[in-house]
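Quick notes on the structure that follows.
What follows is the structure, given as structure tokens:
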């Protein structure tokens, strides 16, 4: 007997749909207000939280592919929102960091991001939100431990 896959009860699908819906809601607002796409605002927030880093490190931090990170970094650099300096640990790469304008943009984005989070998850109690965070960490960890074809 062949197993039947029903998307509405398939958790990876549901997780993807929820993620896409949340991301697109936020992305539409950020694009309209700041001219940023999802990868660009993610890089701005990563640099604000963790400081200067290489594009390779950003790929690891955001789980975005290197082409997406590269395009977002170029866009941010061309807009004067990030600076590029030689990487002292690897002369083949550069470190990106927020410029003064990048920090000013982040100070506008961060409160709005927190407000979106509050509004999206308002129907969940603090305990449910904490539980969801723990479950997502476990799902991410389990997915990282799987290799293709397993």
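Numbering (full-length UniProt numbering), first residue to last: 1 to 150.
For each residue, glycine too, the CB sits at the ideal point set by N, CA and C.
Remember, it's a predicted structure, so these values are computed and weren't measured experimentally.
Within the same chain, Cβ atoms closer than 8 angstroms to the Cβ of residue 61 are found at 46, 50 and 53, the five residues on either side in sequence being excluded. The beta-bridge partner set that DSSP reports for residue 86 consists of 94. In this structure residue 109 is in contact with residue 34, their Cβ atoms being roughly 7 angstroms apart against a cut-off of 8 angstroms.
Scanning 78, 136 and 65 for the CA closest to the CA of residue 36 turns up 78. Between residue 48 and residue 98 a beta carbon distance of about 6 angstroms is seen, short of the 8 angstroms cut, so the two are scored as contacting. Within 10 angstroms of the beta-carbon of residue 102 lie 16 or more other beta-carbons, which makes it buried. As far as DSSP is concerned, residue 123 takes part in no beta bridge.
For the 8 angstroms CB-CB criterion, residue 88 and residue 64 do not form a contact. Its chain contains 39 as the residues whose beta carbon lies nearer than 8 angstroms to that of residue 68, once the 5 sequence neighbours on both sides are disregarded; these appear in chain order. Sequence-distant Cβ neighbours of residue 93 in its own chain, meaning closer than 6 angstroms and more than five residues away, are 54 and 87. Partner residues in the beta bridge of residue 53, as assigned by DSSP, are 96. Looking only at 59, 112, 3 and 22, the smallest Cα-Cα distance to residue 43 is reached by 59.
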